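Quick note: the sequence shown uses the working numbering, first residue 11, plus one each step. Even for Gly, the Cβ is constructed at its ideal location relative to N, Cα and C. All of these numbers come straight from a predicted model, not from anything done at the bench.
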Amino acid sequence: DFVIDGHSIALESVRSRTTDQLLGTIDIPEYGTLKSSVVTQFLSSTALDTANFTAANVDSLVLVMQFNPGSFMGDSIAPMGLKVYPLTRELPSPIFSNFDPEGYYDPSTVLASGPYNASTLESDSLQKLSTRSIRMKLPRRLGRDLFKAFEDRPENYATPQAFVKNVFPGLYIDNSFGSGRMTLVQKTSMRMYLRKIYTNDEGKTDTIDAQHDYFMVTPEVLTNNNLDYSMAIDLRRRVENGERLLVAPCGYEVEIKFPTREIVNRFRNNANSLSVVNSLSLSIPADSIANDFGVGAPPYALLVRKDKRDEFFANNSLTDNISSFYATYSSTSKNYNFGSMRAYIMSMINKEEEITDDDCTFVIVPVTVNFEQSANSSYGSVQLVESSIVPYVMSPAMVELKIDEAKIKFTYSLQSQK
């Protein structure tokens with residue numbers, strides 16, 4: 011019998027801390043048009059193989075953008091093109107999805123250009139079944155300059171900051187033609203191929219070949235998806251008519267007023283000194299929005315106090331179950347269930363000051379939750395633990411939240427005093 015009120019909030023940008031790179035242009039009538047280019051720095055290896063090679067032995071340098079076979083939306087064979095430019099100065103920090111690369115690259119300097127599709131197999135035979143890639147050959151001169159920079163000043167390769175500032179600011183990767191597909195790249199590197207031809211001790215000509223991913227996109231450096239989203243008119247009309255929509259990336263979040271005061275009063279009016287709060291959960295039904303492109307609900311939703319939202323992402327925070335929680339979208343029950351809110355309501359029950367509007371106002375944000383394996387020494391097992399929570403920018407996503415039908419379950423034990 012607790013009531014929740016809420017409304018959608020339009021977003022201009024998000025702060026993305028993911029290393030995933032979204033490339034392409036796609037038009038979905040029920041969703042709108044989304045375009046995405048990429049600016050990125052690279053983490054350099056701290057040691058290049060100068061024992062066997064010199065800069066003159068750099069045979070080629072290739073930009074390799076790897077993605078899983080299913081990591082695209084739209085037409086897999088639609089002809090599309092990319093252009094790759096060198097950045098001319100360091101990227102700003104923090105950087106947001108509405109970043110404009112103008113002034114950070116020289117449009118007349120193109121390192122690589124060409125067509126690509128989502129059917130190109132990675133040339134590595136061991137990865138043919140699991141990985142595909144976009145490969146763009148960069149100028150050999152760039153590879154030799156990068157190797158020579160290490161030979162001359164290896165200290166500039168010691169930290170990401172020194173490499174970006176003194177050697178190589180990074181790349182701008184833009185769509186040059188075509189539309190109809192978004193591709194999500196999970197791993198990006200500049201792969202250096204080396205070849206040394208020499209005379210061995212027997213007086214015969216011999217060759218040493220090597221390849222190294224000396225330059226990688228990692229969480230230690232900045233990478234950003236530059237998003238341009240033109241929302242479908244129908245989505246705007248639905249929000250104007252009072253529907254609460256989550257639309258990602260850079261569409262809508264939902265603000266809600268949680269009935270914190272009513273729940274606390276209910277407990278205080280019925281409880282005694284021996285009463286114990288057992289649980290508090292919030293389940294929100296979520297209806298899909300019909301479309302022909304498979305655009306579905308965001309896989310995860312973050313429930314975070316509105317006054318702590320920006321701080322949460324700026325600090326790379328994980329949920330604490332007091333001011334922030336996350337839920338997985340259930341495709342079977344069609345809902346988001348925030349099931350671990352006990353610590354939050356206990357903090358409100360125990361609060362000596364008056365409960366404020368800030369304590370009760372939350373936003374629901376489409377997010378990606380990343381996990382890593384953690385060994386459980388007590389049981390000898392491996393479990394997944396959250397490693398990061400970032401705004402969702404992996405592909406178009408949208409869903410209607412049925413706030414009016416949300417269910418709050420609050421349980422506590424009443425013990426008699428003798």
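For this session: Can you give me the Cβ contacts of Thr217 inside the same chain, cut-off strictly under 6 Å, excluding the 5 residues immediately before and after it?
Result: Within the same chain, and ignoring the five residues on either side of Thr217 in sequence, the residues whose Cβ sits closer than 6 Å to its Cβ are Ile207.
For this session: Look up Lys361 in the DSSP assignment and say whether it is helix, strand or coil.
Result: In the structure shown, Lys361 sits in coil (DSSP, three-state: anything other than H, G, I, E or B).
Exercise. Going along the chain, which unbroken runs of the alpha helix (DSSP H) with 4 or more residues stay wholly within the region 284 to 331?
Worked result: 319 to 324
For this session: Just confirm the distance between the C-beta atoms of Val24 and Pro401, as a whole number of angstroms; I'd bet it's less than 8 Å.
Result: 4 Å
Exercise. Alpha carbon to alpha carbon, how far is Arg278 from Val373?
Worked result: 27 Å
Problem set entry | Per DSSP, cross-strand counterpart(s) of Glu263 | The partner list for Glu263 (beta bridge, DSSP) reads Ile19.
Problem set entry | Spatially closest choice to Ser26 from Ala407, Thr378, Thr421, by CA coordinates | Thr378
Exercise. Just reading off the beta strand (DSSP E) that Phe335 is part of, what are its end residues?
Worked result: 334 to 340
Exercise. To which residues of the same chain is Ser135 closer than 8 Å at the C-beta, ignoring the five residues directly before and after it?
Worked result: Any answer about Ser135 is weak, because its pLDDT of 47 lies below 50 and its placement is not dependable; what the coordinates show is given next. Closer than 8 Å at the Cβ level, and outside the excluded window around Ser135, lies no residue.
Exercise. By how many angstroms is the C-alpha of Ile359 removed from the C-alpha of Phe420?
Worked result: 13 Å
For this session: Look up Gly153 in the DSSP assignment and say whether it is helix, strand or coil.
Result: Residue state, collapsed to three classes: helix.
Exercise. Fully enclosed by the region 214 to 282, which beta strand (DSSP E) runs are 3 residues long or longer?
Worked result: 215 to 226, 233 to 241, 254 to 258, 262 to 267
Exercise. What residue ranges within the region 148 to 213 form continuous alpha helix (DSSP H) runs of no fewer than 4 residues, ordered along the chain?
Worked result: Runs of alpha helix (DSSP H) with 4 or more residues, each lying fully within the region 148 to 213, are found at 150 to 162, 170 to 176, listed in chain order.
Exercise. Would Pro179 be called buried (16 or more neighbouring beta carbons within 10 Å of its own) or exposed?
Worked result: Counting every other CB atom within 10 Å of its CB across the protein chains shown gives Pro179 a total of 16 or more, marking it as buried.
Exercise. Per DSSP, what kind of secondary structure is Ala57 in: helix, strand or coil?
Worked result: In this structure, Ala57 counts as coil in the three-state DSSP scheme.
For this session: Following the continuous alpha helix (DSSP H) through Asp368, name the residue where it begins and the one where it ends.
Result: 367 to 370
Exercise. Can you name the residues that DSSP bridges to Tyr126?
Worked result: Met90
Exercise. Which value, in whole angstroms, describes the spacing of the CA atoms of Glu112 and Phe160?
Worked result: 29 Å
Exercise. Below 8 Å between beta carbons: does that hold for Val375 and Ile38?
Worked result: Contact: no.
Problem set entry | Anticipated Cβ contact below 8 Å, Leu121 with Pro149, distance rounded | Contact holds; Cβ gap of about 6 Å.
For this session: Take the Cβ of Ser133 as the centre, count every other Cβ of all protein chains shown within 10 Å, and call the residue buried at 16 or more, exposed below.
Result: Residue placement at Ser133 cannot be trusted, given a pLDDT of 44 that sits under 50; what the coordinates show is reported in the next sentence. So Ser133 ends up on the exposed side.
Exercise. Which residues bound the beta strand (DSSP E) around Leu71?
Worked result: Taken as a continuous stretch (DSSP letters only), the beta strand (DSSP E) holding Leu71 covers 68 to 77.
Problem set entry | Nearest candidate by alpha-carbon position, reference Ile144, set Pro269, Ile273, Gln76 | Gln76
Problem set entry | Start and end residues, beta strand (DSSP E) containing Met83 | Where Met83 is concerned, the enclosing beta strand (DSSP E) stretches over 82 to 84.
Exercise. Can at least three beta-carbon pairs, one atom from the region 96 to 108 and one from the region 404 to 421, be found at a separation below 8 Å?
Worked result: no
For this session: Could you tell me the boundaries of the beta strand (DSSP E) in which Gln31 lies?
Result: 31 to 38
Exercise. Which of the three DSSP states, helix, strand or coil, is assigned to Ala407?
Worked result: strand
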